[in-house]
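Just so you know, the sequences run in chain order S and X. Heads up: the first sequence runs through residues 0 to 405, numbered per numbering that gives the first Met the number 0. Heads up: the second sequence runs through residues 0 to 405, numbered per numbering that gives the first Met the number 0. Beta carbons are placed, not taken as given, at the ideal position from N, Cα and C, and that holds for glycine. Quantities reported herein were computed from a predicted structural model and do not represent experimental measurements. In what follows, a single structure is set out as structure tokens and then discussed.
2 protein chains.
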Amino acid sequence: MKQCWEQVAGGVTAPRGFRAAAVRCGIRQAEGDDLALLVCDTQGAAAATFTTNRVAAAPVRWSRRTIRRGKVRAAVVNAGNANACTGARGLRDVEATAARAAEVLGLRPENFLVASTGIIGRYLPVEKLLEGLPRAASLLDPSIEAGDRFARAIMTTDTVVKQVALRCDLGRGSVTLGGATKGAGMIAPGMATTLSFLTTDAAIERPLLARLLRRAVAQTYNRISIDNHMSTNDTVLCLASGLADAPAVRDGSKAAERFEAALTELCRILAVKIVADGEGAKRLVRIEVVGAPTEAAAVAVGRAIADSPLCKCALHSGDPNWGRFVSAAGYACRRLDEARTKLYIGEVLAYAAGAPADAPISRLAEAMAGREVLLRLDLGLGKAAATVWTCDLSKEYVAINADYHT
Amino acid sequence: MKQCWEQVAGGVTAPRGFRAAAVRCGIRQAEGDDLALLVCDTQGAAAATFTTNRVAAAPVRWSRRTIRRGKVRAAVVNAGNANACTGARGLRDVEATAARAAEVLGLRPENFLVASTGIIGRYLPVEKLLEGLPRAASLLDPSIEAGDRFARAIMTTDTVVKQVALRCDLGRGSVTLGGATKGAGMIAPGMATTLSFLTTDAAIERPLLARLLRRAVAQTYNRISIDNHMSTNDTVLCLASGLADAPAVRDGSKAAERFEAALTELCRILAVKIVADGEGAKRLVRIEVVGAPTEAAAVAVGRAIADSPLCKCALHSGDPNWGRFVSAAGYACRRLDEARTKLYIGEVLAYAAGAPADAPISRLAEAMAGREVLLRLDLGLGKAAATVWTCDLSKEYVAINADYHT
Numbered sequence: 000m001k002q003c004w005e006q007v008a009g010g011v012t013a014p015r016g017f018r019a020a021a022v023r024c025g026i027r028q029a030e031g032d033d034l035a036l037l038v039c040d041t042q043g044a045a046a047a048t049f050t051t052n053r054v055a056a057a058p059v060r061w062s063r064r065t066i067r068r069g070k071v072r073a074a075v076v077n078a079g080n081a082n083a084c085t086g087a088r089g090l091r092d093v094e095a096t097a098a099r100a101a102e103v104l105g106l107r108p109e110n111f112l113v114a115s116t117g118i119i120g121r122y123l124p125v126e127k128l129l130e131g132l133p134r135a136a137s138l139l140d141p142s143i144e145a146g147d148r149f150a151r152a153i154m155t156t157d158t159v160v161k162q163v164a165l166r167c168d169l170g171r172g173s174v175t176l177g178g179a180t181k182g183a184g185m186i187a188p189g190m191a192t193t194l195s196f197l198t199t200d201a202a203i204e205r206p207l208l209a210r211l212l213r214r215a216v217a218q219t220y221n222r223i224s225i226d227n228h229m230s231t232n233d234t235v236l237c238l239a240s241g242l243a244d245a246p247a248v249r250d251g252s253k254a255a256e257r258f259e260a261a262l263t264e265l266c267r268i269l270a271v272k273i274v275a276d277g278e279g280a281k282r283l284v285r286i287e288v289v290g291a292p293t294e295a296a297a298v299a300v301g302r303a304i305a306d307s308p309l310c311k312c313a314l315h316s317g318d319p320n321w322g323r324f325v326s327a328a329g330y331a332c333r334r335l336d337e338a339r340t341k342l343y344i345g346e347v348l349a350y351a352a353g354a355p356a357d358a359p360i361s362r363l364a365e366a367m368a369g370r371e372v373l374l375r376l377d378l379g380l381g382k383a384a385a386t387v388w389t390c391d392l393s394k395e396y397v398a399i400n401a402d403y404h405t
Numbered sequence: 000m001k002q003c004w005e006q007v008a009g010g011v012t013a014p015r016g017f018r019a020a021a022v023r024c025g026i027r028q029a030e031g032d033d034l035a036l037l038v039c040d041t042q043g044a045a046a047a048t049f050t051t052n053r054v055a056a057a058p059v060r061w062s063r064r065t066i067r068r069g070k071v072r073a074a075v076v077n078a079g080n081a082n083a084c085t086g087a088r089g090l091r092d093v094e095a096t097a098a099r100a101a102e103v104l105g106l107r108p109e110n111f112l113v114a115s116t117g118i119i120g121r122y123l124p125v126e127k128l129l130e131g132l133p134r135a136a137s138l139l140d141p142s143i144e145a146g147d148r149f150a151r152a153i154m155t156t157d158t159v160v161k162q163v164a165l166r167c168d169l170g171r172g173s174v175t176l177g178g179a180t181k182g183a184g185m186i187a188p189g190m191a192t193t194l195s196f197l198t199t200d201a202a203i204e205r206p207l208l209a210r211l212l213r214r215a216v217a218q219t220y221n222r223i224s225i226d227n228h229m230s231t232n233d234t235v236l237c238l239a240s241g242l243a244d245a246p247a248v249r250d251g252s253k254a255a256e257r258f259e260a261a262l263t264e265l266c267r268i269l270a271v272k273i274v275a276d277g278e279g280a281k282r283l284v285r286i287e288v289v290g291a292p293t294e295a296a297a298v299a300v301g302r303a304i305a306d307s308p309l310c311k312c313a314l315h316s317g318d319p320n321w322g323r324f325v326s327a328a329g330y331a332c333r334r335l336d337e338a339r340t341k342l343y344i345g346e347v348l349a350y351a352a353g354a355p356a357d358a359p360i361s362r363l364a365e366a367m368a369g370r371e372v373l374l375r376l377d378l379g380l381g382k383a384a385a386t387v388w389t390c391d392l393s394k395e396y397v398a399i400n401a402d403y404h405t
């Protein structure tokens, strides 16, 4: 399909019908806003995906229920405390948050998705959050600046704000999609946590939105890894206001195809931003696995490389120690055949037919020297392919996650 | 079973009927011996386990065949080059090695297991090795010192020699077991590689020895992790000379039970030594998972903690950020129930009934401050249990594996 989208200014407030706000309520020790609100002006459609960790944070447990009830139109997000491993008290704190948000905004508690990021296993200082809510509500605004502030407030150890907006041409009329996300980071220190908030002014039914979001997340958010530790708080929410000047997106239509392509691209851009800003990382690594017997096998090989500290250390220093990548593929794919496997670093063939290719080490080193590195593995076994994104492992990662004490 | 073994001096040459030697042949850049020989004076029994990585080094491919033929009675080992990802030339180099060793020692090529450790994807400087073999053969000796020298020659980034010997009381008569192993380390830099050479003077049939070794390895070597990157060269060889003053160990006998207990203990001691000397590590971590629905589930939970860089960073700094351990259990065990899960750090209860226990953070920190740390997870789901050993992740690990360039 021809590219049907273009990037436009802004983030979650770029589509019509969304307002955002952020304030500091003092939950996190670091400076800056730590409470954010996102509100959709209409009762459109909402869909979300959550962590599959059996240890799910209280806000995830609350939000799963509200998403099932189908009435979500706003999100309350805090940084500085993940409200995970907090038992019954954690759930009571989420309920109080939703109740107060409902009161302040004239909505119902089940209209609110709640998301938290930060340290695990500490009770949420909920009073601070409740105090902050009316202030946040009074600042709700549809401007790009308000969206910026939202995106900034959900950051933890992220070093850059992560947001994007796309205009998508549906054929007849166009829609806008926006999003903000936070990186897999630590706070004071907490857990690797990914939160993502997506918005669109498309008119779309909830089941279709849910299906398209699930597919987009599978191809993007679920194909990144910084440290292979699944969060207790992962949440990707997508809200649709239906306020665009375009006909509704119907299942099976050309417009649905285009919308899905744009939604996937939105998720891809945000997910890759997370990896590019991985804790202590200096390189973004794109691992393309082709010639795989199945897509699952391709993903497994990509993940094995992405999750190997040995591979990540080589990627950090730009060391063309390609045996590490090949050996990771060897334990990830039971059907791997060395004789058919090829490894390219950038455009340079490093390994083929079970032995080193002829590339001089200087060319391989050059291919690993940039801010972005491409590894391409051709398994020679079939037609399936997948891309996985990761980053390098540095002393700074250890410093961020070890030297900082609870 | 009452403990039937006691530790005695020495390593691979402690049992009767074994001679060892090591020389420097110049394969590795670092100083010291890099070619080692271990010979059994009789044609007793031999058994081995190998890496399950589909990318298996040439020596592993050779040795699998020789083990199947049932005539192995010696090992040629080199450090400095893993001879992995080296295709047909790699195999020819192994064949040449075995042929020369056979010539020098008056044996046949299929009597030799060959093992290599070091950098992957570089051709072995086989001439150096062939030159070193006669010198090594001339030094073969049954002394403890010769065993020491063997154990030292197989080291890569290991900082301490790893060997042990046990005397095992079989009821009627006793046997000795010895072993030397190398750590999961890098060389110049290579891959994490574990080689282990076990010896015994017990008289035992090959099928029984093979079964007991497989079980012992499953409980010990296969339950350690330093960086979750499976080597292309892993080899555990056990040679039995049959020269002890004790009746043969028969399947199903009390003696077999005792021998298995001692063999497992031998492997456990050596495997734990590997983890204790993990690259850059300062803590040995024992993860006991109990109350699991199955042994596999217990191992999976232990491994998830052992393989999480986040958990390992907390273990490095002694930070009692226990949410990291619980959350890893949450993604490793699909049946995990937060309400039933308990986490102890040392003797201190950190988490129970889905929420923080009352332990003051200072007590938890104290339990994590030592050279050895115990994590104990009770899943409350069943009667299965498993122990996994790991170490912490430090900046030194990154330095060893990143700063050193190929």
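Of the listed residues the options, nearest to residue i (C-alpha basis)
i       : options                            : result
N486(S) : G69(S), R23(S), R60(S), A98(S)     : Nothing in the structure corresponds to residue 486(S), since chain S is present only between 0 and 405.
A13(X)  : A150(X), A97(X), S62(X), E365(X)   : A150(X)
D306(X) : A368(X), H228(X), G379(X)          : H228(X)
A217(S) : Y396(S), L36(S), A385(S)           : A385(S)
T389(S) : F111(S), R72(S), K311(S)           : K311(S)
N110(S) : L123(S), R72(S), V93(S), T116(S)   : R72(S)
L112(S) : A145(S), K70(S), L378(S)           : K70(S)
R334(S) : I153(X), R53(X), E30(X)            : R53(X)
K382(X) : R267(X), E294(X), A55(X)           : E294(X)
I203(S) : L392(S), D250(S), A97(S), R91(S)   : D250(S)
E259(X) : A358(X), V288(X), T199(X), T234(X) : T199(X)
A56(S)  : E126(S), D92(S), N232(S), V75(S)   : N232(S)
R88(S)  : R302(S), L123(S), G301(S), G182(S) : L123(S)
A303(X) : S316(X), A328(X), R285(X)          : A328(X)
Cβ-based neighbour list, residue i, same chain, cut-off 6 Å, excluding 5 preceding and 5 following
i       : result
L425(X) : Outside the shown range of chain X, which is 0 to 405, sits residue 425(X), and nothing can be said about it.
G487(S) : No answer is possible for residue 487(S): the residues shown for chain S start at 0 and end at 405.
C84(X)  : I119, G120
L212(X) : A46, C237
A299(S) : A331
A351(X) : K341
D40(S)  : G16
N221(S) : none
A135(X) : A20, V22, L34, L36
Outcome for residue i when other beta-carbon atoms lying within 10 angstroms are tallied against a minimum of 16
i       : result
S326(X) : buried
W4(S)   : buried
K1(S)   : exposed
P319(X) : buried
R148(X) : buried
R67(S)  : exposed
G189(X) : With a pLDDT of only 30 at G189(X), under 50, the local geometry of the prediction cannot be trusted, and the value read off the model is given with reservation. With 16 or more other Cβ atoms within 10 Å, it is buried.
P108(X) : buried
S224(X) : buried
P58(X)  : buried
S355(S) : Note on residue identity: the sequence assigns Pro, not Ser, to residue 355(S). Classification of P355(S): buried, given that the 10 Å Cβ count is 16 or more.
V11(S)  : buried
R370(X) : exposed
Neighbourhood of residue i by C-beta distance below 7 Å, restricted to the same chain and skipping five residues each side
i       : result
A209(X) : A46
I344(S) : P319, W321, L363, A366, M367, L374
A242(X) : Note on identity: in this sequence residue 242(X) is Leu, with Ala being the wrong assignment. Same-chain partners within the cutoff: R15, G16, T41, D200.
Cutoff 8 Å; reference residue i; Cβ partners in own chain excluding five residues on either side
i       : result
V159(S) : K272, D276
A8(X)   : I143, A164
R171(X) : A245, P246, A254
For residue j and residue i, believed in contact at Cβ under 8 Å, the rounded distance
i       : j       : result
L380(X) : P292(X) : 5 Å
D407(X) : L309(S) : Residue 407(X) lies beyond the stretch modelled for chain X, which goes from 0 to 405, so this question has no answer here.
A44(S)  : R205(S) : 4 Å
- Taking the runs of the alpha helix (DSSP H) that are 4 residues or longer, which of them lie wholly in the segment 125 to 152 of chain S? Annotation: the segment 125 to 152 of chain S contains the following complete segments of the alpha helix (DSSP H) (minimum length 4 residues), in chain order: 125 to 137, 143 to 152.
- Item | Segments of 3+ residues assigned as beta strand (DSSP E) that fall wholly inside the segment 24 to 68 of chain S | 34 to 39, 44 to 49
- Which full runs of the alpha helix (DSSP H) of 4+ residues lie inside the segment 304 to 392 of chain S, going along the chain? 308 to 316, 322 to 331, 360 to 366
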